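Everything on this sheet refers to the single structure shown next.
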Amino acid sequence: WLYTVPATQASSYGLIGRYYTNPGYADIDVAQQDASRLMMVRQDTKMSLNFGAGGPAPGMQTDNYMARWTGYITVPTGGSYSLGAVSDDGLRIKIKQGGAWQTVVDSWQDQAGTFWGSATTLPANVPIPIQVDWYERGGGATLSLMVQGNGYAAQEIPTTWLTPGVNALPSQWSFGVNIDGNVSYERLRVGNSSVILEDSTGSTHEYTYTNGGY
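Using the numbering used here, you'd call the opening residue of the sequence shown number 6 and step up by one each time.
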């Protein structure tokens, strides 16, 4: 069975988590191809999770499960940051820049502690795709995403830095971009008589305002 948690009022922040069973091995790429192993999909609005000796939701198994969270991280000032996590057990963090995924933390083993990745440069106010993989083997179960650098002491990643989608248009527009990047347009510029949409390749598409519409 699949347990789906409805979105909350805080739906603009957090990451989308997909939770899987982990019967004896920890390959989440294999798990996501097997529909029978998907236990739950939900939006975790604060990425500071402590399941203790329990499961991720009432009635769910308490050991041998894993999760993959996807969404975007947006930092308020550009600079060099290190991402990490307090994790029990395995952890892997990736971000996508320049069209390619970069693994910034890779500690995929039974463990408990705080783990940091290498520093990476992040631009200001630009949503960057992020993917967090984690598994729980037994005992305690904890994941709390961390950040440090560029003037920030080691701390939990602020809630407002993580979003399940990205709104690349002005506030009066609503346009969600999926993590897989399968959308045509990413930017919009508004002129006096037209709007110009820019796609992911940098090409522009102009629409002229005529007779009450574009």
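Glycine included, C-beta positions come from ideal geometry on N, C-alpha and C.
Treat the numbers as computed from the prediction; the structure is a model and nothing was measured.
Am I right that residue i and residue j are in contact with their C-beta atoms under 8 Å? What's the rounded C-beta distance?
| i | j | result |
| --- | --- | --- |
| T67 | M44 | In fact, because the Cβ distance is near 12 Å, the residues do not count as touching under 8 Å. |
| G170 | Y86 | Their Cβ separation, rounded to whole angstroms, is 21 Å, which puts G170 and Y86 out of contact at 8 Å. |
| N130 | T209 | That pair is no contact at about 21 Å. |
| L148 | S92 | 6 Å |
What is the DSSP secondary structure of residue i, reduced to helix, strand or coil?
| i | result |
| --- | --- |
| W6 | Confidence at W6 is low in this model, with a pLDDT of 42, below 50, so its placement is unreliable and no value can be given for it. |
| I78 | strand |
| V131 | coil |
| S199 | strand |
| N216 | coil |
| I33 | helix |
| R42 | helix |
| Q14 | At Q14 the pLDDT is 38, less than 50, meaning the model places this residue with poor confidence; the figure from the coordinates comes in the next sentence. In the structure shown, Q14 sits in coil (DSSP, three-state: anything other than H, G, I, E or B). |
| W113 | coil |
Does the beta-carbon of residue i have 16 or more other beta-carbons within 10 angstroms, so that it is buried, or is it exposed?
| i | result |
| --- | --- |
| E211 | exposed |
| V35 | exposed |
| Y18 | buried |
| A90 | buried |
| D138 | buried |
| V152 | buried |
| W74 | buried |
Using a Cβ-Cβ cutoff of less than 7 Å, which residues in the same chain neighbour residue i once the five nearest sequence positions on both sides are dropped?
| i | result |
| --- | --- |
| P134 | Y77, I100, K101 and I184 |
| T165 | Y18 |
| F120 | G89, A90, S92, L96, V110 and S112 |
Keeping to the same chain, check which residues put their C-beta closer than 8 Å to that of residue i; ignore five residues upstream and five downstream.
| i | result |
| --- | --- |
| D115 | D94, G95 and R142 |
| Y70 | Y24, Y25, T26, N27, M44, G60, P61, Y140 and E141 |
| I162 | M52, I78, L88, L150, M151 and V152 |
I'd like the list of long-range same chain contacts for residue i, defined as Cβ closer than 6 Å, with 5 residues on each side in sequence excluded.
| i | result |
| --- | --- |
| Q177 | Note that Q177 scores a pLDDT of 46, beneath 50, so its modelled location is shaky and nothing firm can be said. |
| A72 | G22, Y24 and W139 |
| I33 | M71, R73 and D138 |
| P81 | none |
Thinking C-beta only, is residue j closer than 9 Å to residue i?
| i | j | result |
| --- | --- | --- |
| A146 | G57 | yes |
| G118 | T108 | no |
| Q48 | I98 | no |
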